[in-house]
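Notes for the one structure printed next.
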Amino acid sequence: MTEKRYDFSTIESAWQHRWDGMRAFAVDLSQATNPYYVLEMFPYPSGRIHMGHVRNYTMGDLVARYKKARGYDVLHPMGWDAFGLPAENAARERGLHPAKWTWENIATMRAQLKALGLSIDWEREIATCHPEYYRHEQGYFLDFLDAGLAVRKDMWVNWDPVEQSVLANEQVIEGKGWRSGADVERVKRKQWCLDTAHYADELDRALDDLSAWPEAVKTMQRNWIGRSQGCSIDFVVSRADSADKADSAGKAGSAGKADSTDKAGSAGKADSTDKAGSADDATKQETISVFTTRPDTLFGMTFLALAIDHPVAEALAAQDAGLAAFIAECRKGGTAPRGEEIEKRGYRSSLQAHHPFRPDWTFPVYVANYVLLEYGTGALFACAAHDQRDLDFARQEGLTVVPVVAPTGVDPLADPDAAQVDNEAYTGQGTLFGSDFLDGLTVQEAIPAAIARLEETKQGTGETIYRLREWLVSRQRYWGCPVPVIHCHDCGAVGVPRDQLPVRLPEDIDIGTHGNPLDHHPTWRHTACPSCGKPALRETDTFDTFFESSWYFARFLSPRDTTQGFDAKLAAQFLPVDDYIGGIEHAILHLLYSRFFFRALKQAGHCAIDEPFKRLFTQGMVCHKTIKDPATNAWIFPTDAERDPENGLRHRDTHVPLAEGASVKMSKSKRNVVDPDDIIATYGADTARLFILSDSPPNRDLEWTAAGADAIHRYLKRLYRHIDGVIDTALADGLPPATKTPEAEEATTATMRMVHTTIKTVTEDIDRYHFNRAIARIRELTNYLFVQPLSAPVYEGWMTVLRLFNPIVPHLTEELHARIQPDQLLVSAPWPSWDAEALVSPQEEISVQINGKMLCRVAYDVALTDEAVLEVVCTTPKVAQAIEGRQARRAPILVRGRIVNFILAP
RNA sequence: GGGGGUUUGGCGGAAUUGGUAGACGCAUUGGACUUAAAAUCCAAAGGCCGUACGGCCGUGCGGGUUCGAGUCCCGCAGCCCCUACCA
């Protein structure tokens, strides 16, 4: 027979059509007895798929096909995270309607994904921009509204005055809007929020039970949730109209800068967020609540500081032009001064604070830019000696610093200098001094003691707070899901009646204007109040797109259900998602929002699940080499560079010398992107899939190399040709009859041992996501089989290779398999099991060591006793020579199948 | 500043979880086939010394535990990622 070419493009498109035609991957969930849900994070339809997608979906496809072979009813769907800003940008730049742009991208990317031969049930495809998708999340939002989980409140946000829109923190670059370049302002605006903080405690604790999540992701979530134990303290404050009274201990400074001449006419109001009853109402004292984790350092307090947007600071500013100016100055630059530390600045207010245990001690109250409004109560008490930030501020403002914790081994009475701090705060363990009833206690003992005293005197409470706050879901954007609310002059914010959902986006919009196109639409927002019928206005905010991605995995269960978002019974069967695969960049936002969302859905009675993802796998990035022109510093396409043996790396056309840079994540700007379409056209999907799963462990970065892809393709050609030839022979002549010679029988058991060992290790490796190792084991088997003369066991070996390789190179294996069994798809064939007996070898080898140093390997019969094994080892010439005449210091250490170690005198 | 990860040949990586370090590949070199090249096949290959048999060294660095350490413990360094005035 003539050798057939490995015609991958014909093979691949033929099998893709056949799988499609026979609905090979469609799954009827209601009939599923053995449910298993494999999901990769769904893509944003940006235009074309990239290698990161290929890696993500290839890994998921391997798992899905493997689980199907293991007998599961595998749900493996695909959809589109279709709302978002890039669609509006494209509309502005190219005059395309966001919907048109999005749907065209989806069509392109769907075709690209199909060319990869993924085992996806495309009948379940969804796009989040479809009204039949977002109508359900509008319903969920109304539920959250009813449950008090969704609220509209004043929030400090980044406001771009040119765009006339709120910006996300990451859209503020060095204090300026990322697109307009305008100075971003910090403004208060009514925004819709979901009360994620309501579940902060549970979201934190439940991480402990997510045993199949990467520790790194759980750690990131814990840090983000930011559980912090301490206490709140209500400081009594009064006006410092009279001259500063230095307290007896000289702690409260008059050392502050000159007071503002413009005293506030009235003291700030008590913080309305105070715990009820914590202030002594009878005496009508004003208090400011602070949160602290270090109440033990109260006796080292030297000042109180408020965030610039603290209600008390605002009230004071109304009476104090200097303070108002200071606050206005600080507000420039938006809410997110990321990156380098800002310069600490403060303004001394007209208030003074009283020490909870020594009411006659008073301290200045500052308004300071380094105090965060969003953390704790937006106010803090400062013990500068034991907090670096407070110390920095104190040194700058010339405030007193009073240490109260002596490091272990330091006696502050004997050596007063030793406990002093210079410009470095002491934050470690130690013993309290100069602290009244806390003296002599360790930091760990003093914290509860201080809290107890504060609680006794009703000035504070032990408390656990969280960094996690509400999730701001309002966006002043067109291309998102409309918030289903109507604002009525008389009735306030009223939810849109459920029978009027979905609130659809208008299609006739003018995207060219600044701000939110929905605001500028001539008619869309005008409607009637559902409750009183008077003219009213629709909410024009749309949801953050993380809203859509918080529940899409449930929608796949019931993608065409018009009555509900998903079916609770199916959810009970298929959720949580068994295997969820995606990039680590979603470690916090998407995954945390989804975990919140399902708790909220459960509270609203939609399902009984808390955690949406059982096992999470985070894949590494796809990297590629970069090439630069050192003269111009411009990035060069690697395909435009060639290596000249004499002159090194040169540009192919201009011949200027080039320099090879690091291998970094593929990006258009660095010109190191490899287009999946090109790879599929040149080598086929199977080559791309095998290359991307070989070598690199899935959780690490993968380096794409042209040579590697080429080598993989050569291997597949050889594999195809060889197995094809084996099948030719088997079909034409039949397999050679087994010979009964001892050598032939030994060859048979050796082959079977190899085959079954491979089945076992490959199965275990896939279960543990060690795909690169699984492939190495399969290649080991094929290397072995390539050189064996054809026999029944060798033939069986090749059939096993087809089955084991099918989830990785599905088209090639299916094509070859169809030659033997045209009536059965490999895709539906069961995974092979291994025969434990076939794994057993009559002989095993042991490593021989002398005093822990390797000497040699010795083989022996497994049936031998320990004594007999030692006998065999000791009579091996090389060993006998090494131990001859030397005295044993102890009995040899024998670990069968591993090692024997002789401990001899030198 | 805080947290996490990582460090093994020229390169990607493997090592039965404390028992032959370098599986499986990439790149390389030699050979076969060919008029020649490509393709294909076979072989070599951690470093140093040696013609070979072999010997010594070797898993970022320094200690420790152990019969035995890439693996466990302590300390240090480099690189990567996340986060950041979180009181």
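So in our numbering, spot 193 of the first sequence is number 997, and the numbers just go up one at a time.
Positions of the beta carbon are idealized from the N, C-alpha and C atoms, including for glycine.
Here the structure is a predicted model, which is why all the values come from computation and not from measurement.
Subject >> Contacts around N1576, its chain only, beta-carbon distance under 8 Å, and the 5 residues preceding and following it disregarded >> reply: Excluding residues within five positions, the ones whose Cβ falls inside 8 Å are L1497, S1498, D1499, S1500, P1501 and P1502.
Subject >> Residues of its chain near G1701, where Cβ-Cβ distance is below 6 Å and the 5 sequence neighbours each way are ignored >> reply: Excluding residues within five positions, the ones whose Cβ falls inside 6 Å are E1648.
Subject >> Span separating the alpha-carbon of R827 from that of E1352 >> reply: Those two C-alpha atoms are separated by around 28 Å.
Subject >> Boundaries of the alpha helix (DSSP H) in which K1406 is found, first to last residue >> reply: L1393 to Q1407 is the span of the alpha helix (DSSP H), which, as asked, contains K1406.
Subject >> N-terminal and C-terminal residue of the alpha helix (DSSP H) that Y1003 is part of >> reply: Here Y1003 belongs to no alpha helix (DSSP H), and DSSP marks it neither H nor E.
Subject >> Start-end ranges of the alpha helix (DSSP H) lying completely within the segment 1479 to 1557, minimum 4 residues >> reply: Whole alpha helix (DSSP H) segments, 4+ residues: 1480 to 1486, 1489 to 1497 and 1510 to 1537.
Original post:
If you run the structure through DSSP and keep just helix, strand and coil, what is T1349?
Top reply: It is coil, neither helix nor strand.
Original post:
For the segment 1299 to 1325, which segments carrying the alpha helix (DSSP H) assignment without a break, of at least 4 residues, lie completely within its bounds, in sequence order?
Top reply: Taking only runs of at least 4 residues, the alpha helix (DSSP H) segments lying wholly in the segment 1299 to 1325 are 1321 to 1324.
Subject >> Beta-carbon separation (whole angstroms), P1288 vs V1307, contact threshold 8 Å >> reply: Confirmed, about 5 Å.
Subject >> Distance, G1202 Cα to S1064 Cα >> reply: At S1064 the pLDDT is 33, less than 50, meaning the model places this residue with poor confidence; the figure from the coordinates comes in the next sentence. The alpha-carbon atoms of S1064 and G1202 are separated by roughly 16 Å.
**OP:** Report back the beta-carbon spacing between Y848 and L922 to the nearest angstrom; my notes put them in contact at under 8 Å.
**Re:** The beta carbons of Y848 and L922 sit about 18 Å from each other, so the pair does not count as a contact at 8 Å.
Original post:
Among residues of its own chain, excluding the 5 on either side of I924, which ones have a beta-carbon nearer than 7 Å to its beta-carbon?
Top reply: The beta carbon of I924 lies closer than 7 Å to those of F829, H880, P881 and M882 in the same chain, with the five residues before and after it left out.
**OP:** Report yes if the CB atom of V1094 is closer than 8 Å to the CB atom of L1184, and no otherwise.
**Re:** Note that the C-beta distance between V1094 and L1184 is below 8 Å.
**OP:** Below 7 Å CB to CB, which residues in the same chain sit around R1359 once its five sequence neighbours on both sides are set aside?
**Re:** For R1359, same chain residues with a beta-carbon under 7 Å away, outside a window of 5 residues either side, are I930, Y937, G1369 and F1370 in chain order.
Subject >> Per-residue burial, S1471 [other beta carbons within 10 Å of its own, 16 or more giving buried] >> reply: Within 10 angstroms of the beta-carbon of S1471 lie fewer than 16 other beta-carbons, which makes it exposed.
**OP:** Work out the CA separation of S1595 and T1023 for me, nearest whole Å.
**Re:** So the two alpha carbons sit approximately 54 Å from each other.
Subject >> Anticipated Cβ contact below 8 Å, M1105 with H1190, distance rounded >> reply: M1105 to H1190, Cβ: 10 Å. No contact.
Subject >> Spatial neighbours of I1531 in its chain, beta-carbon cut-off 7 Å, leaving aside the 5 residues before and after >> reply: Result list for I1531: L1620, R1623 and I1624, in chain order.
Subject >> Stretch pair the segment 1653 to 1661 + the segment 891 to 903: three plus CB contacts closer than 8 Å >> reply: By the Cβ rule, the segment 1653 to 1661 does not count as touching the segment 891 to 903, because fewer than three pairs are nearer than 8 Å.
Original post:
Under a three-way DSSP split, which group does V1041 fall into?
Top reply: The answer is strand: DSSP assigns V1041 an E or B state.
Original post:
So what does V1704 bridge to, in DSSP terms?
Top reply: V1704 is bridged to V1652 and L1698.
Original post:
Among all the DSSP beta bridges, which residues are the ones paired with T932?
Top reply: Answer by DSSP bridge pairing: none, since T932 is not bridged.
Subject >> Burial state of H1615 (16 or more Cβ within 10 Å) >> reply: Per the 10 Å Cβ criterion, buried.
**OP:** Give a yes or no on contact between the segment 1338 to 1353 and the segment 907 to 921, applying the rule of three or more CB pairs nearer than 8 Å.
**Re:** With the cut-off at 8 Å, the segment 1338 to 1353 and the segment 907 to 921 do not touch.
Original post:
What is the C-beta distance between H1560 and D1639, in whole angstroms, given that I count them as a contact (C-beta under 8 Å)?
Top reply: Contact holds; Cβ gap of about 5 Å.
Subject >> Identity of the residues DSSP links to K957 by a beta bridge >> reply: DSSP output for K957 lists Q995 as bridge partner(s).
Original post:
Would you call F1590 buried or exposed, if buried means 16 or more other Cβ atoms sit within 10 Å of its Cβ?
Top reply: F1590 comes out exposed.
Original post:
If you draw a straight line from the C-alpha of Q1691 to the C-alpha of A1709, how long is it?
Top reply: Looking at the two C-alpha atoms, the distance is approximately 5 Å.
**OP:** Determine the direct distance from the alpha carbon of I1413 to that of D1243, and round the result to whole angstroms.
**Re:** Straight across, the Cα-Cα distance linking D1243 with I1413 is about 50 Å.
**OP:** Mind checking which residues open and close the alpha helix (DSSP H) that includes F1575?
**Re:** Going by DSSP, F1575 is part of the alpha helix (DSSP H) stretching over F1575 to F1590.
Subject >> Cα-Cα separation between Q1519 and T1617, rounded to whole angstroms >> reply: Note that residue 1519 is Tyr in the sequence shown, not Gln. For Y1519 and T1617, the distance between alpha carbons rounds to 14 Å.
**OP:** Pick helix, strand or coil for S813, following the three-state DSSP scheme.
**Re:** For S813, the secondary structure class from DSSP, reduced to helix, strand or coil, is helix.
Subject >> Environment of P769 [buried if 16+ CB atoms lie within 10 Å] >> reply: Nothing in the structure corresponds to residue 769, since the chain is present only between 805 and 1710.
Original post:
Opposite V878 in the DSSP bridges: which residues?
Top reply: According to the DSSP secondary-structure assignment, V878 is paired through a beta bridge with Y840.
**OP:** In the DSSP assignment, find the beta strand (DSSP E) that holds H1291 and state where it starts and stops.
**Re:** Looking at the DSSP string, the run of the beta strand (DSSP E) that includes H1291 is V1289 to C1292.
Original post:
So, A1250 versus D1383, is the Cβ gap smaller than 8 Å?
Top reply: In this structure, D1383 does not lie closer than 8 Å to A1250 by Cβ.
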